[in-house]
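Engineer: Input: one structure, supplied below.
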Amino acid sequence: MSAIRIVLIDDHAIVREGLHLVLERYPGLEVVGEAANREEGIETVVRSRPDIVVMDISLADIDGLPTISVIHDRVPTARVVMLTMFADAETVRESFLAGASAYVVKGASAAQLVDAIRAVHRGERYVHSSVAGGVIDDSLRWLQEGARLSPREREVLSLLAGGRTAAGIGDTLGISTHTVRRHLANSAGKLGLHGTRALARYAEDHGLRRGLDRVWVRGLGGGSPEAGAER
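Be aware that the sequence shown starts at 11, since it is given in our numbering, and climbs by one per residue.
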């Protein structure tokens, strides 16, 4: 079996050197490139075409998350393992939404990082144990909040996340703009949010997009959004 090819992207040379030495002690792993910043990282990935990219979330004061989509566009077979100091659930969630396949904190052991690399190479997802509890708690809170929304409120939010205006949502659902605004106001009150921008972000973070919404609702045990027009 061929070795798992790895590229390291981190703006600290000592971190890259340490990772390189440690990873190559494990059988079946091969570090084929290193980079210190976004541009160099993308070039290295395109040139080396690795199986796995291990990268920090912050690269010389630049947010590394947008880099994930560029890597996937240039080398679709590459999978990204985030290796970072941040352990909060929101950053974990944003990393996976951006396209990461694993999330490991820098306090992890070498063996745990290797476990993550091998899991991702098998097509699995991996979350380091130190952040897993926070992710589960955050997910449960989302589900509890979402469960308080009616099917129609979830449908309105799904269209809001897709960039629709209140009038556009009303046209799509066959309801008045006033009714749309009432649903948005009710949702904001239930979720403790203020303004359509905050509601749209909530809907985007929760995957409430048109088409995905019905699956999500069934997962909560609810029915599909009610048919028929509301006026």
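Cβ coordinates follow ideal geometry from the N, Cα and C atoms, glycine included.
If you're wondering where the values come from, they're calculated on a predicted model, not measured in any experiment.
Could you check what DSSP says for valine 63 in three-state terms: helix, strand or coil?
Structural biologist: strand
Engineer: Would you decide whether glycine 51 is buried or exposed? Buried here means 16 or more other CB atoms lie within 10 Å of its CB.
Structural biologist: buried
Engineer: Give, in chain order, every unbroken run of the beta strand (DSSP E) that is at least 3 residues long and sits entirely within the segment 75–128.
Structural biologist: 89–94 and 112–115
Engineer: Could you tell me how far apart the beta carbons of aspartate 61 and arginine 89 are, in whole angstroms, since I believe they sit closer than 8 Å?
Structural biologist: The C-beta distance from aspartate 61 to arginine 89 rounds to 7 Å, short enough to meet the 8 Å contact threshold.
Engineer: Residues in the same chain with beta-carbon distance under 6 Å from serine 105, minus the five sequence neighbours each way, listed in chain order, please.
Structural biologist: Correct list, in chain order: Met92 and Tyr113.
Engineer: May I ask which residues mark the beginning and end of the alpha helix (DSSP H) holding glycine 180?
Structural biologist: 176–183
Engineer: Opposite alanine 45 in the DSSP bridges: which residues?
Structural biologist: Ile19
Engineer: Please classify threonine 77 as buried or exposed, where buried requires at least 16 other C-beta atoms within 10 Å of its C-beta.
Structural biologist: By the neighbour-count rule (16 or more Cβ atoms within 10 Å), threonine 77 is buried.
Engineer: Would you mind working out which of Gly199, Ala129, Asp181 and Asp21 sits nearest glycine 74, comparing C-alpha positions?
Structural biologist: Asp21
Engineer: Could you tell me the boundaries of the alpha helix (DSSP H) in which tyrosine 36 lies?
Structural biologist: First-last for tyrosine 36: undefined, no H or E at that position.
Engineer: DSSP beta-bridge partners for isoleucine 14?
Structural biologist: Residue pairing by DSSP places isoleucine 14 opposite Leu39 in a beta bridge.
Engineer: In this structure, does DSSP put leucine 201 in helix, strand or coil?
Structural biologist: helix
Engineer: Within 10 angstroms of the Cβ of arginine 132, are there 16 or more other Cβ atoms? Answer buried if so, exposed if not.
Structural biologist: Arginine 132 comes out exposed.
Engineer: In terms of alpha-carbon separation, which member of Arg128, Ala118, Ala129 and Val130 lies closest to histidine 138?
Structural biologist: Ala118
Engineer: Taking DSSP as the reference, what is the three-state secondary structure of serine 68?
Structural biologist: strand
Engineer: Rounding to the nearest angstrom, what Cα-Cα distance links aspartate 66 and glycine 172 in this structure?
Structural biologist: 30 Å
Engineer: Smallest Cα separation from arginine 26: which of Val41, His204 and Ser197?
Structural biologist: Val41
Engineer: Quick check: what's the CA-CA separation for leucine 167 versus alanine 99?
Structural biologist: When rounded, the distance between both Cα atoms is 23 Å.
Engineer: Could you check if serine 58 is buried or exposed, using at least 16 other CB atoms within 10 Å of its CB as the buried criterion?
Structural biologist: Serine 58 is buried by the Cβ-count criterion.
Engineer: Just to confirm my understanding: we take arginine 220, look at its own chain, exclude 5 residues before and 5 after, and list those with CB closer than 7 Å. What are they?
Structural biologist: Note that arginine 220 scores a pLDDT of 42, beneath 50, so its modelled location is shaky and nothing firm can be said.
Engineer: Between arginine 48 and the rest of its own chain, which residues show a CB-CB distance below 6 Å, the 5 nearest in sequence each way excluded?
Structural biologist: Leu69, Ile72 and Thr77
Engineer: Tell me the residue span of the alpha helix (DSSP H) that contains arginine 162.
Structural biologist: Counting along the chain, the unbroken alpha helix (DSSP H) around arginine 162 starts and ends at 161–171.
Engineer: Select from Arg103, Gly199, His193 and Gly109 the residue whose C-alpha is nearest the C-alpha of valine 141.
Structural biologist: Arg103
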